[in-house]
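Those protein sequence lines, which keep their order, are chains A and B.
Heads up: the first sequence is residues 1 to 488, going by the working numbering.
Heads up: the second sequence is residues 1001 to 1119, going by the working numbering.
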Amino acid sequence: MVNPVLLIVVPLGLAFAIPLFNLFWKATAKYVPPVALGFNLVVSLLLLPKVLENPVIVSIGGWRPPFCINLVAGPVGVLFSAIIALIGLLVSVYALDYIKEGPTEKYHMLYLLLLTGATGVVLTGDIFNLFVFFEILCISSYALVAYSRDKAGIESAVKYLIQGSVGSSLLLIGIGLLYGQFGTLNMADIAGKINSASPISLFVPMVLLITGLGVEAAIFPLNAWLPDAHSSAPSSVSAILSGIAIEVGLYAVVRVIFTIFGASSIFLFLAFLGILTLLVGEMCAFSQNNIKRMLAYSSIGQIGLILFALAIATSYGVTGGLFQLVSHTLSKALLFLTAGYMIYRVGSSDISALEGMGRKMPLTCLAFTIGAFSLIGLPPFIGFPSKFLVVQAALATKETYFCVLIGLALLGTVIEGAYFFRVVQVLYFKGENNQGSKDAPIAVLVPVFIFVVLIIVVGVYPKILTDVLSSAAAEFLNRMNYIGNVLG
Amino acid sequence: MSFLDSYIYYIGAFGLILTGLYIILVKHNLIKVIIGLGILDTGVNLFLISIGYITKGTAPIFSRPEIDSEHMVDPVPQALVLTAIVIGVAVLALALSLAIRLYQHYETLNLRKIKEQKW
């Protein structure tokens, strides 16, 4: 059997080996991330059928949980690590051609570290270990945002760093309070003991944990850093930040609420917060002229929708939320990658500068259009079944407030449609038709093509994913099962 | 006095945390904000340490019988703080190097004057 520890150890080791490789043979550095992430993808896919039957618990150091640091490779963990490895692999292939300037070996090292951190967060079963992996993710993304060293990148990185590290400090205080009360750091152990504590003494650590993790997850009042950081980073980094980093933050928030606290009383508050995030994100996206900022705000909106779907907290709702998460990850990564190459070609990120690109770079623009349609939720792309499932789940609760909130979410979708159609119109129906077409290089088109295939295939046959997603949803909803699995 | 005796570290820790947060929220100079981050980190670390601290406690070494197990401090928070310090150093180093770059671009460290990115 493959050990889930390899999912963390191999990329971590290879990440720190990159400077060494670079010392002896300069050309190798950029091929390390695709190799490591390809390995992760294979291991995750091998593990997936096994963990659907029984979660694999890895105890480190020969102690039994709760005394050791343990990894919990359940359906959620392995599903997320497979997504992280898949997106990471495709984006790293894109980066082979896209990242040419600056200290490229440092880029590849930080990139691999970011994804290692993300994989660690989703696999760990120990809350302090979660904090450590979270910091690996955050610190490497601060550095990657500043990679291009221009004015905008540095300014956004400073903003991101200040907000992110205040969030991490709050998270650490919350962990300390939990440890003070329960004397353990194992998430399952804390979850098992949580009922013995008085609700009022749990409120403060819960608020601190949600606030701390919510900064990275970009939940509404805490997301001021996101549009700056996502729009001024290099496009391959934006794709990863939008596709992986905020989803991992959201995973951590959901894990804390569902598994550790089992706090069903705040779900309505979260649903409300999700819709607020959605509307704020979509409305700001509507008024943007810079295409990357527009995509960044649209990420905020999508995160709001995912949070809302997860907060419905029925089996349907959580499945729909996870489905929406996968769909957002694929579509938004595709959008950032294609937009990145278009910006590279015209040298400006204004939407008006992209006039007539549909004829100059036909394949890239077609892929962008598919990503945009998928994000809006048009069939036959992946966004359609995921949004459909969310709407169905909200209506199935038969609660008035969920129906009202999903109505607002659909209003958000209309706004989303408006601004994406505007961009598509600029791409295809404006500008003169006098320049010859020259598309992006092959290293860019291959990952883009795979993204398009995935988006259409899953859109047409959502059954491929729904089984995995519903057992992942069951892991979130059935916390007694999780505790039993870990503590044995 | 007994109240102070048992809670002095917690009071100190939260004092540091609040001071740090105040500096981060109010000060305009990036270097001061980074100092605030450092103070916030220190406060959190002191808080974690004081969770496991016992008055007149000593290191938990089980191979030495002269140490009474009732006087041993909890080693877990110390391990946590060790990790947290390392993380804090990394963040601080990155923040300072970004501050240098920021100064090269804008020739000021006043965050209120750096407003290229906005909603």
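For glycine and all other residues, C-beta sits at the position ideal for the given N, C-alpha and C.
Keep in mind the model is a prediction, meaning the values are calculated, not measured.
If you look at A:N3, you'll find it isn't in any beta strand (DSSP E); DSSP assigns it neither H nor E. By the criterion of at least three beta-carbon pairs nearer than 8 Å, the stretch 141-153 of chain A is not in contact with the stretch 182-189 of chain A.
With a beta-carbon spacing of about 7 Å, A:G301 and A:E416 fall inside the 8 Å limit used to define contacts.
Residue contact with chain B for A:I60: absent (no Cβ-Cβ distance below 9 Å to any residue of chain B). A distance below 8 Å between beta-carbons, with the five flanking residues on each side excluded, links A:R149 to the following residues of its chain, in chain order: G102. A distance below 9 Å separates the beta carbons of A:I483 and A:A191. For the stretch 140-171 of chain A, the beta-carbon criterion of a distance under 7 Å to any beta-carbon of chain B is satisfied by Y142, A143, A146, R149, K151, A152, I154, E155, S156, A157, V158, L161, I162, S165, V166 and S169. Shown here for B:I1034: same chain residues with a beta carbon closer than 8 Å to its own, the five before and five after excluded, namely L1092, A1095, L1096 and A1099 in chain order. At a beta-carbon threshold of 7 Å, the residues of chain B lying near A:E135 are I1087, ordered along the chain. Residue ranges of uninterrupted alpha helix (DSSP H) with 4 or more members, entirely inside the stretch 356-413 of chain A and ordered along the chain, are 357-360, 362-376 and 383-396.
Under the Cβ distance rule, A:L185 counts among the residues neighbouring chain B, one pair being separated by less than 9 Å. In this structure, A:F308 places its C-beta atom within 9 Å of the C-beta atom of A:L278.
At a cut-off of 9 Å between beta-carbon atoms, A:V132 makes contact with chain B. In the DSSP annotation of this structure, the continuous segment of the alpha helix (DSSP H) that includes A:I87 starts and ends at P75 to Y98. Per DSSP, the continuous beta strand (DSSP E) segment holding A:S59 begins and ends at V56 to S59. Between A:V390 and A:F476, the CB-CB gap reaches or exceeds 9 Å. The Cβ atoms of A:G164 and A:N223 lie no closer than 9 Å to each other. Looking at the DSSP output, A:M480 bridges to nothing.
With respect to the 9 Å criterion, A:F368 and A:T338 are classified as neighbours on the basis of their beta carbons.
Burial state of A:W225 is buried, judged by a 10 Å Cβ sphere holding 16 or more other Cβ atoms. Rounded to the nearest whole angstrom, the CA to CA distance from B:L1111 to B:P1060 is 46 Å.
Bounds of the alpha helix (DSSP H) holding A:L37 are V32 to E53.
If you look at A:P227, you'll find it in the alpha helix (DSSP H) that goes L226 to S232.
Close partners of B:V1033 in chain A (Cβ separation under 7 Å): I162. When rounded, the separation of the alpha-carbon atoms in A:L112 and A:V424 is 33 Å.
Residue environment analysis places A:Q288 among the buried positions, since at least 16 neighbouring C-beta atoms fall within 10 angstroms of its C-beta. Your pair A:I312 and A:F402 checks out as a contact, with CB atoms roughly 6 Å apart and the cut at 8 Å.
For the pair A:S437 and A:R359, the Cα-to-Cα distance works out to about 6 Å.
Neighbours of A:G214 in chain B, taken as residues at a C-beta separation under 9 Å, are lacking, since the least C-beta distance is about 17 Å. A Cβ of chain A is located within less than 9 Å of the beta carbon of B:E1116. Along the stretch 441-468 of chain A, the alpha helix (DSSP H) occurs as fully enclosed runs of 4 or more residues at 442-460, listed in sequence order. Against B:T1042, chain A offers no close residue; the least beta-carbon distance is about 10 Å (beta-carbon pairs closer than 8 Å). Per DSSP, the continuous alpha helix (DSSP H) segment holding A:I154 begins and ends at K151 to F182. In terms of Cβ geometry, A:L137 and A:L114 form a close pair [threshold 9 Å]. A:M206: member of the alpha helix (DSSP H) spanning P199 to A217, first to last residue. Only residues of its own chain outside the window of five on either side were considered, and among them C68, I69 and N70 have a CB closer than 7 Å to the CB of A:I60, listed in chain order.
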